[in-house]
Amino acid sequence: MMALLNNQHSQVQCPNAGRGQAEGGLGLLNRRRGAIKQAKVKYVKGHAFVTTFFPQPTFCSVCKEFVWGLNKQGFQCKECNASSHKRCVDNVLARCTGSADTNRQTEIVRESFNLHMPHCFKVHSYRSPTFCDHCGTLLWGFARQGLQCEACDANVHHKCKGKVANLCGISTERLAELLRHVEGGQKEKGPPAAERPVESQPPSFNPDNAVEKVEVAWEAPALDEAKGHLTPPQPAPPQSGPDESTRPSGESAGKLSLDHFHLVKVLGKGSFGKVMLAELKEQGKFYALKALKKEVVLMGDDVECTMVEKRVLLMACEHPFLTHLCGTFQTKEHLFFVMEFLTGGDLMFHIQDKGKFDLPTATFYAAEVICGLQFLHSHNIIYRDLKLDNVLLDREGHVKIADFGMCKEHVCAGNLATTFCGTPDYIAPEILLGRAYGTSVGWWSMGVLIYEMLIGQSPFYGSDEDELFEAIKGRTPHYPRWLTDSSHNILSCLFERDHTKRLGAVGDIRLHPFFKNIDWASLEARKITPPFKPKVTSPSDCRNFGHEFLSESPQVSCRGNSNHMIMSIEQTMFAGFSFVNPSIRALLQ
């Protein structure tokens, strides 16, 4: 269950990429591995803009207005730190001072408008709060805080002086509009880009797969049955009290709230929040309660990832080998997922205890995982974080795949994924090479999973992340002599670096000799007795989970110094999050 938090859409580096080097150079499975996700980059005039959360008040370098509010994230250049609203980023004219790229548009500005106006900066002491006109942040200090241009009164940090474009006295917004006319790029006249209203598009969603079959109880947005899609929520008028999207779910009948649960144990923790064992009061039913901090979700620009996770969990209720969602609710500070509590723990816990699995056990687990993976693929969803940590066991010993935060929806031949993400040990070569990809990446991860179950170590390893990635792109894994021919063959087919020839992406993996003893119809009906049944003595037994968090006090709290951030959250961004499964709704009544 710790995996539910360990790989929450973060952009952190994995510190465990080279584990095992001290023990013969083998990638031993002695640590849990977190996932990584690189932010998407928007390139404008040589700038490498990435979506950024600004922890302090910041001004846009284009329109000179605040990039305000916790959820009003903007862009910041990774090279020169220039800040911009999302709506203003296309109006940036100055070429990035940290980029060596030549840019034709920059030359047009210089030749057509004869613009090369250096600033006349001099050290200046400010008597009132002043913000940098380049990076947008406050000029700190009591005296000589920054530099001021004698001609245009532009203010910048000392550190930003060398990054400021030579556009003294120039209005970049007005000039951007003129430049579009010069290039003939504006065929239809209209208001400037910075003045056009920004339309909010609802997240894509298939109601046939989630609303009708699962019979969920939505808060918002409403389902437009005539058009077959979700109607975007209407902006709420300003008001002093909480609106429907922020009111605790338990305030109306049939909706969940934190008051419905008694928190028992902490099962796992991460930067986004924690997973706890929770008991539904007066019912004796136990669930895994995953609490995510809204402010951290917003800081990481992961609102859509969270909504994707909820949609996939709703769909997962249709399959026996995927974790089922019982409900979701929210408070002003947190988002909560109420999921079935899988008392058997995850495969990482068990393989660390046993060293490796025998062939029948590994084959059984692999077969059930394949059923779940193919179900997701049949709905055009790619699962990009398959690993031992995310494969859990229920009380009987059947597999349950968990953690769908890195899933990608609507993937098909004409709509492939490009994001660099996943757990380093499991990332497919096509992702490392920056190529567009589809379901093939899941089959590469399947190969890593089978290898680890059979051999008890990772097929690829290195002293650091770069060496690990080089191994994935070109090194042949070590296959022990005792490995059966069918095991060796299926691993070789799954580790095919040409994704167009990889088993699973082409051919029927169920027909491979490795699965010759599997009756797939009986397997999918859960009629095959699992080879291993976890030791469980009660519905709340936590013995199959790591003990590092079990002794902690289970509670949900927010940081005391972040109240101003919480108040600035635009709660309508999470409209439609709350949901109650009919099974748990009946218990509430």
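So the sequence shown is numbered by the UniProt record's numbering: it starts at 1 and just counts up by one. In this text, a Cβ means the ideal position worked out from N, Cα and C, and glycines have one as well.
DSSP-derived helix/strand/coil call for residue i
i: Ser458; result: strand
i: Thr51; result: strand
i: His334; result: strand
i: Gly327; result: strand
i: Leu388; result: helix
i: Ile382; result: strand
i: Cys493; result: helix
i: Tyr126; result: coil
i: Ser463; result: coil
i: Glu65; result: coil
i: Tyr479; result: coil
i: Ser487; result: helix
i: residue 622; result: This structure does not reach residue 622, given that the chain is present from 1 up to 589, and the question cannot be answered.
i: Val556; result: coil
i: Phe549; result: coil
i: Glu396; result: coil
i: Thr231; result: A caution first: Thr231 carries a pLDDT of 37, below 50, which makes its placement in the model unreliable, though a value can still be read off. Coil.
i: Gly442; result: helix
i: Ala471; result: helix
i: Phe286; result: strand
i: Ser83; result: strand
i: Asn91; result: helix
Start and end residues, beta strand (DSSP E) containing residue i
i: Ile401; result: Val399 to Ile401
i: Val275; result: Gly273 to Leu280
i: Phe261; result: Phe261 to Lys269
i: Leu147; result: Gly146 to Cys149
i: Cys407; result: Premise fails: Cys407 is in no beta strand (DSSP E) and is neither H nor E.
i: residue 602; result: Since the first and last residues shown for the chain are 1 and 589, residue 602 lies out of range.
i: Lys42; result: Val41 to Val44
Endpoints, alpha helix (DSSP H) assigned at residue i
i: Thr361; result: Leu359 to Ser378
i: Gln352; result: Leu347 to Lys354
i: Met299; result: Lys294 to Met299
i: Lys310; result: Val303 to Ala316
i: Leu523; result: Trp520 to Glu524
i: Arg585; result: Pro582 to Leu588
i: Pro429; result: Pro429 to Leu432
Residue i and residue j closer than 9 angstroms at C-beta
i: Leu392; j: Leu454; result: no
i: Ser84; j: Cys120; result: no
i: Cys135; j: Ala82; result: yes
i: Pro429; j: Glu465; result: no
i: Ile381; j: Asn390; result: no
i: Arg384; j: Met406; result: yes
i: Met276; j: Lys294; result: no
i: Tyr365; j: Val399; result: yes
i: Pro539; j: Phe341; result: yes
i: Arg502; j: Leu511; result: no
i: Leu587; j: Leu280; result: yes
i: Leu388; j: Leu449; result: yes
i: Ile427; j: Phe469; result: yes
i: Lys269; j: Glu552; result: yes
i: Cys132; j: Cys149; result: no
i: Gln461; j: Ala471; result: Going by the sequence as given, residue 461 is Tyr instead of Gln. The answer is yes: Cβ separation under 9 angstroms.
Exposure of residue i, with buried meaning 16 or more beta-carbon neighbours within 10 Å
i: Trp140; result: exposed
i: Asp498; result: exposed
i: Ser378; result: exposed
i: Lys43; result: The amino acid at residue 43 is misidentified as Lys; the sequence shows Tyr. Under this definition Tyr43 is an exposed residue.
i: Cys14; result: Here the model assigns Cys14 a pLDDT of 37, short of 50, so the residue's position is not dependable, and the following value carries that caveat. With 16 or more Cβ atoms within 10 Å of its Cβ, Cys14 is classed as buried.
i: His334; result: buried
i: Arg95; result: buried
i: Ala575; result: buried
i: Phe579; result: buried
i: Val123; result: exposed
i: Asp302; result: buried
i: Ser440; result: buried
i: Ser252; result: Low per-residue confidence applies at Ser252: pLDDT is 49, beneath 50, and the placement is therefore not dependable, though the value from the model is reported in the following sentence. Classification of Ser252: exposed, given that the 10 Å Cβ count is below 16.
i: Gln589; result: exposed
i: Phe336; result: buried
i: Ser125; result: exposed
i: Gln457; result: buried
Whole-Å CB distance - residue i paired with residue j, under 8 angstroms assumed
i: residue 590; j: Cys371; result: Residue 590 cannot be examined here, being either before or after the span of the chain that is shown, 1 to 589.
i: Val62; j: Val92; result: 6 angstroms
i: Phe577; j: Lys310; result: 7 angstroms
i: Ile518; j: Ala367; result: 5 angstroms
i: Pro534; j: Thr323; result: Not really, about 16 angstroms apart at Cβ, beyond 8 angstroms.
i: Leu263; j: Gln555; result: 7 angstroms
i: Thr363; j: Phe514; result: 7 angstroms
Residue i CB to nearest heavy atom of the ligand HEM below 8 angstroms
i: Glu340; result: Questions concerning the ligand HEM fall outside what the structure shown contains, since it holds no ligand whatsoever.
Within-9 angstroms CB hit, residue i to chain D
i: Pro480; result: Protein chains in the displayed structure number just one, and chain D is not present.
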